[in-house]
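Residue numbers (the numbering used here): 21 to 190.
In this text, a Cβ means the ideal position worked out from N, Cα and C, and glycines have one as well.
Note sheet for the following structure.
This is the structure we're talking about:
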């Protein structure tokens, strides 16, 4: 479900004809766990024609990485990403098309700020660092069973090798 007040600077309804272009945040409150929801895309398509979404906030408890890849692909101007949690135990394998999209997206997206609210596996960090190669700011909320020292060590090693853009880890 898309938050009904996508247009945060206005009191107007979603289907309004008058939209201020500076509005750029999309909040998603529910998603299909295993597949990209075409109904969701049909709902956001008119918004994408009028507004360049730069900030995506995904509030469901977990999101399948294939769905995240599809969302990022649909939002080419995205520079900030907030995710509650990533599901690394996948309900299915990524398709060949999703894998191809992932490679293209990791080189071409504009995401520089990422906030992962809850991390349960270092693989989540690896996925986000690989997807967001331009990342400069990475915030991780709770780390559950993973020690903060291991997370920092991993990010620093990855930063040395691949993501030299990352400047701030919090």
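ask   = Should residue 173 go down as buried or exposed, given a rule of 16 or more other Cβ atoms within 10 Å for buried?
value = Against the chain shown, residue 173 aligns to sequence position 153. With fewer than 16 Cβ atoms within 10 Å of its Cβ, residue 173 is classed as exposed.
message = Taking only three categories from DSSP, how would you classify residue 171?
response = Within the chain shown, numbered from 1, the residue matching residue 171 stands at position 151. Three-state result, residue 171: helix.
ask   = With DSSP run on the structure shown, which of helix, strand or coil describes residue 67?
value = If you number the chain shown from 1, residue 67 lands on position 47. Here residue 67 sits in helix by DSSP.
request  = Following the continuous beta strand (DSSP E) through residue 118, name the residue where it begins and the one where it ends.
outcome  = Residue 118 sits at position 98 when you count from the first residue of the chain shown. Taken as a continuous stretch (DSSP letters only), residue 118 belongs to no beta strand (DSSP E), being part of the alpha helix (DSSP H) at 116-128.
message = Give me the DSSP bridge partner(s) of residue 97.
response = Working through the chain shown from its first residue, we reach residue 97 at position 77. Per DSSP, none; premise fails for residue 97.
request  = Put residue 164 into one of helix, strand or coil per three-state DSSP.
outcome  = Against the chain shown, residue 164 aligns to sequence position 144. Three-state DSSP puts residue 164 in coil, outside helix and strand.
ask   = Which two residues bound the contiguous alpha helix (DSSP H) that contains residue 191?
value = There is simply no residue 191 to check, as the chain begins at 21 and stops at 190 in what is shown.
task = Going by DSSP, name the residue or residues bridged to residue 135.
result = Position 115 of the chain shown, counted from the first residue, corresponds to residue 135. Its beta-bridge partners are 102, 159.
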